[in-house]
Amino acid sequence: MTGKGVKMKYKDYYKLMGLQRTATEAEIKTAHRKLARKYHPDLNKDAKAESQFKEIGEAYQVLKDPEKRAAYDRLGAGLKDGDEFRSPPDFNEGFEYEGAGSEQDANDFFEGLFGNRHRRSQTHARARDWPGEDHHAKVSIPLKDAYTGAQRTFTLQMPSMDAQGRVTYKSRTLDVSIPKGILDGQRLRLAGQGAAGIGQGPAGDLYLEIAFEQQSRFRVEGRDVTLDLPVAPWEAALGAEVLVPTPDGSVTMTVPAGSAAGKRLRLKGRGIPGKPPGDLYVTLAIALPIADTDAKKAAYEALRQAFKFDPRAHFYG
Amino acid sequence: MREIGSVYLQGEIVEEHLEFTLVELCRATGATEEQLSVWVEEGAFEPRGAGPHDWRFSGASLRRALTAQRLTRDLELNGPAVAVVLDLLDRIDALRARLAQHGFEE
């Protein structure tokens, strides 16, 4: 971990933070504040925000510290972002680095140069018995699992402390019953599945944050689920019995005669189960068949003759 | 009912079935008792019970307290600032939900 001539890709921390290499300490601090607010995963829901936030934190760890910054500057003279290089074997000799983060990234560049920044954050060495830490992890499940309940196997990267007090990540598989009715963003507590206790202390708990897998067909809001359903013009005009897909099989629904495009129909209790269960909302989208044969063109022509319909009658007044 | 050899862990849904004491919520989030007490004083959390020893936080507090703890740690926000941010995030969530109802993603 002390960078004994390790081959790696150079990362330009100045460029990452939008700074000149001559930036003052105050400028570095300000840039970090602005970027940390912008990309903080609790404030920015973009999927990439979290990794950007971590990179910025890593860059700041180096640039805010005059000794680390000097070492980094010596190393980086003449290198561009992404250049391959081999770190000098004595690169961080004589420095002692205190890590501050508890982030779960293992970054080759940073760790190659500055060692593993994860340190034992709390030392309970003198306590004979101490409860183990609670752990958190995030998993994705299909929407269907919330309808039916399911049994799933997840592979998680769990932190564990080695003898030197460094955090390493071990993968661990976990068989979990997903309870029917669970919602996106809720957490499942698995008692005793966190870190082991010290001495006679009990093990911590594991909190699994549940996210629904992205799917194009259904939109979920709490327990209510919405679906856009294509219908033919005659189904909307004359009424029809149609088969509606739900996350848990199909159901038959009546489209009332005279339905307009965008009409929302409710299938009560067909949302995510619960007390009370959610509803399934079906939004009608009218699909127009293409007139690509003479017979089909004649059919549209007959419509025109029969209706004398002006869709823009009240449009310009 | 289960197949032999396969034991699936049964969890509890935090938001529906659980409440936390002050000590439990601190352990689950990494926040200190002092921090949580300040957030309660600011009205950002409303536990049942008369004083810190009797406090019972709702299951939904876990998510909120994790956010509060990260904001404090990463942006060095003080108690009142954390309370403002949590309120604003709630409002953003509500607006986002209304957008989603109308079929708009952000």
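Note that the protein sequences, when read in sequence, are chains X and E.
Mapped onto this note's numbering, the consecutive letters of the first sequence carry residue numbers 170 to 486.
Mapped onto this note's numbering, the consecutive letters of the second sequence carry residue numbers 9 to 114.
Just so you know, even glycine gets a beta-carbon here, dropped at the ideal spot from N, CA and C.
Contacts around residue i, its chain only, beta-carbon distance under 8 angstroms, and the 5 residues preceding and following it disregarded
i: His293(X); result: Note on His293(X): pLDDT 49, under 50, position unreliable in the model; no value is reported.
i: Gln273(X); result: With a pLDDT of 38 at Gln273(X), under the threshold of 50, the modelled position of that residue is not reliable, and the figure given next carries that caveat. Taken in chain order, the residues that qualify are Gln326, Pro328, Tyr338.
i: Glu50(E); result: Gly87, Pro88, Val90, Ala91
i: Ala454(X); result: Asp397, Leu398, Pro399, Val400, Ala430, Gly431
i: Gly408(X); result: Thr423, Val424, Pro425, Ala426, Gly427, Ser428
Beta-carbon proximity list for residue i, same chain, < 7 angstroms, skipping 5 on both sides
i: His483(X); result: none
i: Asp353(X); result: Ile379, Ala380, Phe381, Val389
i: Ala102(E); result: none
i: Pro348(X); result: Gly318
i: Tyr469(X); result: Ala460
i: Leu188(X); result: Glu196, Ile197, Ala200
i: Arg487(X); result: Shown here, chain X extends from 170 to 486; a query on residue 487(X) therefore has no answer.
i: Ala68(E); result: Glu23
i: Leu26(E); result: Glu20, Gly67
Same chain, Cβ closer than 6 angstroms to residue i, five either side skipped, listed in chain order
i: Leu375(X); result: His304, Leu359, Gln362, Gly363
i: Tyr241(X); result: Val231
i: Trp63(E); result: Leu30, Pro55, Gly57
i: Val308(X); result: Phe323, Leu377
i: Val345(X); result: Arg321
i: Thr452(X); result: Asp397, Arg433
i: Arg341(X); result: Leu325, Met327
i: Ala275(X); result: Legend: pLDDT at Ala275(X) = 40, less than 50; position of this residue unreliable, value from coordinates given subsequently. No residues qualify anywhere along the chain.
i: Phe279(X); result: Glu227
i: Ile351(X); result: Ala315, Ile379
i: Gln355(X); result: Ile379
i: Lys237(X); result: Val231
Closer than 8 angstroms at the beta carbon, the chain X residues around residue i
i: Val22(E); result: Gln355, Arg356, Leu357, Arg358, Tyr376
C-beta contact flag for residue i and residue j at 9 angstroms
i: Glu20(E); j: Ser66(E); result: no
i: Gly391(X); j: Gly447(X); result: yes
i: Ala108(E); j: Val90(E); result: no
i: Leu70(E); j: Ala36(E); result: yes
i: Val411(X); j: Val394(X); result: no
i: Pro414(X); j: Ala456(X); result: no
i: Ala332(X); j: Pro442(X); result: no
i: Ala200(X); j: Gly301(X); result: no
i: Gln384(X); j: Leu312(X); result: yes
i: Asp211(X); j: Leu33(E); result: no
i: His209(X); j: Asp82(E); result: yes
i: Thr80(E); j: Ala39(E); result: yes
Under 8 angstroms by beta carbon: chain E residues contacting residue i
i: Glu390(X); result: Ala105, Ala108, Gln109
i: Gln189(X); result: Ordered by position in chain E, no residue passes the 8 angstroms Cβ test against Gln189(X), which lies about 24 angstroms from the chain.
i: Ile351(X); result: Ile21
Residue i: contacting residues in chain E (beta-carbon distance under 9 angstroms)
i: Pro300(X); result: Arg35
i: Gln362(X); result: Leu17, Gly19
i: Ile455(X); result: In chain order: nothing, as chain E lies at least about 16 angstroms away.
Contacts that residue i makes with chain X (C-beta to C-beta distance below 7 angstroms)
i: Gln18(E); result: Ser346
i: Leu120(E); result: Outside the shown range of chain E (9 to 114) lies residue 120(E), about which nothing can therefore be said.
Proximal residues of chain E, C-beta to C-beta of residue i below 7 angstroms
i: Asp303(X); result: Arg35, Ala36
i: Ile121(X); result: Outside the shown range of chain X (170 to 486) lies residue 121(X), about which nothing can therefore be said.
Near the ligand GTP: residue i beta-carbon under 8 angstroms from a heavy atom
i: Pro458(X); result: With respect to the ligand GTP, the structure offers nothing, as it holds no ligand at all.
If the cut-off is 7 angstroms on Cβ atoms, which residues from the region 205-227 of chain X count as contacting chain E, listed in chain order?
Ala205, Arg206, His209, Asp211
If we count Cβ pairs, one from each stretch, closer than 8 angstroms, do we get three or more for the region 404-414 of chain X versus the region 426-433 of chain X?
yes
Give me the subset of the region 401-423 of chain X whose CB atoms are less than 7 angstroms from a CB atom of chain E, sorted by chain position.
Per Cβ criterion, the list is empty.
If contact is defined by three or more beta carbon pairs under 8 angstroms, each pair taking one atom from either stretch, is the region 189-206 of chain X in contact with the region 225-239 of chain X?
Look at the beta carbons and you see the region 225-239 of chain X touching the region 189-206 of chain X: at least three pairs across the two are nearer than 8 angstroms.
At a Cβ cut of 8 angstroms, what residues of the region 71-102 of chain E count as close to chain X, listed as they run along the chain?
Arg71, Leu74, Thr75, Arg78, Leu79, Asp82, Leu83, Val93, Leu97
Taking Cβ-Cβ distances below 9 angstroms as the criterion, which residues of the region 314-348 of chain X are in contact with chain E?
Taking 9 angstroms as the upper bound on Cβ-Cβ separation, chain E lies near residues Gln320, Arg321, Thr322, Leu343, Asp344, Val345, Ser346, Ile347, Pro348 of the region 314-348 of chain X.
Measuring CB atoms only, is the region 238-252 of chain X touching the region 178-190 of chain X, in the sense that at least three cross pairs come out at less than 8 angstroms?
yes
Assess contact between the region 39-54 of chain E and the region 86-100 of chain E, defined as three or more Cβ pairs (one per stretch) separated by less than 8 angstroms. Is contact present?
yes
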